[in-house]
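A.B. asks:
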Amino acid sequence: DTGVSQDPRHKITKRGQNVTFRCDPISEHNRLYWYRQTLGQGPEFLTYFQNEAQLEKSRLLSDRFSAERPKGSFSTLEIQRTEQGDSAMYLCASSLRSDEQFFGPGTRLTVL
Amino acid sequence: RKEVEQDPGPFNVPEGATVAFNCTYSNSASQSFFWYRQDCRKEPKLLMSVYSSGNEDGRFTAQLNRASQYISLLIRDSKLSDSATYLCVVNKETGRRALTFGSGTRLQVQP
Numbered sequence: 257d258t259g260v261s262q263d264p265r266h267k268i269t270k271r272g273q274n275v276t277f278r279c280d281p282i283s284e285h286n287r288l289y290w291y292r293q294t295l296g297q298g299p300e301f302l303t304y305f306q307n308e309a310q311l312e313k314s315r316l317l318s319d320r321f322s323a324e325r326p327k328g329s330f331s332t333l334e335i336q337r338t339e340q341g342d343s344a345m346y347l348c349a350s351s352l353r354s355d356e357q358f359f360g361p362g363t364r365l366t367v368l
Numbered sequence: 116r117k118e119v120e121q122d123p124g125p126f127n128v129p130e131g132a133t134v135a136f137n138c139t140y141s142n143s144a145s146q147s148f149f150w151y152r153q154d155c156r157k158e159p160k161l162l163m164s165v166y167s168s169g170n171e172d173g174r175f176t177a178q179l180n181r182a183s184q185y186i187s188l189l190i191r192d193s194k195l196s197d198s199a200t201y202l203c204v205v206n207k208e209t210g211r212r213a214l215t216f217g218s219g220t221r222l223q224v225q226p
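First to last, the protein sequences are chains L and A. So the first sequence is numbered by the numbering used here: it starts at 257 and just counts up by one. So the second sequence is numbered by the numbering used here: it starts at 116 and just counts up by one.
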């Protein structure tokens, strides 16, 4: 499979726990993005990496959220002290040179 | 005002019909425009980029009107498989990579 992959696909956690999601972009893509999507809404931008540098962050990305892309390949998104409002689909996308972004299948987070 | 506004629908059309969706955006500095398609509980998939001159891909035609800040998508000869949510997408501003998505327009093509 040469598309964007994400792991896990589903995560159920209790409020207050930490969770970490992984994204593997399309192999030659140097740009990687994280979005969050809730029911009935379009995806909302969270953050953007070009290679290993985190170049853009949304104000939606509170102090409890952190993202890394240490070697410019895969990326992780960590949410600390999860809250029920964090329940959403977390989508990763990648692109090469243009703004045309290709999305992974997402990680569905449920916070109980 | 939302940055990208779309009629949520649903648009219920018979097979073979022509259907058009419009979307308006608020940031006149936006430079990149797209239509994405999203099936229920799946990830968004790029349908087509929208260029100033307009573009066509088979049954799909996209138009951009910068003066009025709206984007349109026309689907001709609708198929059952076209049933999905169509997301209008613009970049936030020149030089920024973040994309802003509309909430989507739901299309249901009926036999």
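Ideal Cβ placement from N, Cα and C applies to all residues, glycine included.
Per DSSP, what kind of secondary structure is aspartate 197/A in: helix, strand or coil?
C.D. replies: helix
A.B. asks: Determine the contact status of serine 354/L and serine 164/A, defining contact as a CB-CB distance below 9 Å.
C.D. replies: Taking C-beta atoms as the reference points, serine 354/L and serine 164/A count as a pair closer than 9 Å.
A.B. asks: What does asparagine 206/A touch in chain L if you count any residue whose Cβ is under 8 Å from its own?
C.D. replies: Asp355
A.B. asks: Taking the alpha carbon of glycine 298/L as the reference point, which residue from Gly217/A, Asp197/A, Ser145/A and Thr139/A has its own alpha carbon closest?
C.D. replies: Gly217/A
A.B. asks: Whose CA, out of Tyr346/L, Arg320/L and Met345/L, lies closest to the CA of isoleucine 335/L?
C.D. replies: Ranked by how close their Cα comes to the Cα of isoleucine 335/L, the residues Tyr346/L, Arg320/L and Met345/L have Arg320/L in first place.
A.B. asks: Give the residues of chain A in contact with arginine 278/L, contact being defined as C-beta atoms less than 9 Å apart.
C.D. replies: Residues of chain A passing the Cβ test: none, with the nearest at roughly 16 Å.
A.B. asks: Does the pairing of the segment 198-205 of chain A with the segment 279-290 of chain L give three or more beta-carbon distances under 8 Å?
C.D. replies: no
A.B. asks: At a Cβ threshold of 9 Å, is serine 318/L touching chain A?
C.D. replies: no
A.B. asks: Quick check: the segment 301-311 of chain L against the segment 322-334 of chain L, are at least 3 beta-carbon pairs closer than 8 Å?
C.D. replies: yes
A.B. asks: Quick check: the Cα distance between alanine 213/A and threonine 139/A, rounded to an integer number of angstroms?
C.D. replies: Rounded to the nearest whole angstrom, the C-alpha separation of alanine 213/A and threonine 139/A is 18 Å.
A.B. asks: Look at the alpha carbon of glycine 124/A and the alpha carbon of asparagine 274/L, and state the distance between them as a whole number of angstroms.
C.D. replies: 37 Å
A.B. asks: Measuring only between beta-carbons, confirm whether glutamate 308/L sits less than 9 Å from chain A.
C.D. replies: no
A.B. asks: So which residues on chain A does arginine 287/L lean against when the C-beta distance must stay under 8 Å?
C.D. replies: In chain order: Arg212.
A.B. asks: Using only CA atoms, which one of Cys155/A, Ala144/A, Ala182/A and Gln146/A lies nearest to glycine 219/A?
C.D. replies: Cys155/A
A.B. asks: With a threshold of 8 Å, are at least 3 pairs of Cβ atoms found where one atom belongs to the segment 123-137 of chain A and the other to the segment 308-316 of chain L?
C.D. replies: no
A.B. asks: Rounding to the nearest angstrom, what Cα-Cα distance links glutamine 225/A and arginine 337/L in this structure?
C.D. replies: 45 Å
A.B. asks: Leaving out the 5 sequence neighbours to the left and right, which residues in its chain are closer than 7 Å to serine 343/L when beta-carbon positions are compared?
C.D. replies: Non-local C-beta neighbours of serine 343/L in its own chain, meaning closer than 7 Å and more than five positions away in sequence, comprise Leu365, Thr366 and Val367, ordered along the chain.
A.B. asks: Cβ of serine 350/L less than 9 Å from any chain A Cβ?
C.D. replies: no
A.B. asks: Anything in chain D within Cβ reach of glycine 298/L, meaning under 7 Å, just list it in chain order.
C.D. replies: Going by chain labels, chain D is absent from the structure shown, which instead holds the protein chains L and A.
A.B. asks: Grab the span of the beta strand (DSSP E) containing cysteine 155/A for me, first residue to last.
C.D. replies: Neither: cysteine 155/A is in no beta strand (DSSP E) and is coded neither H nor E.
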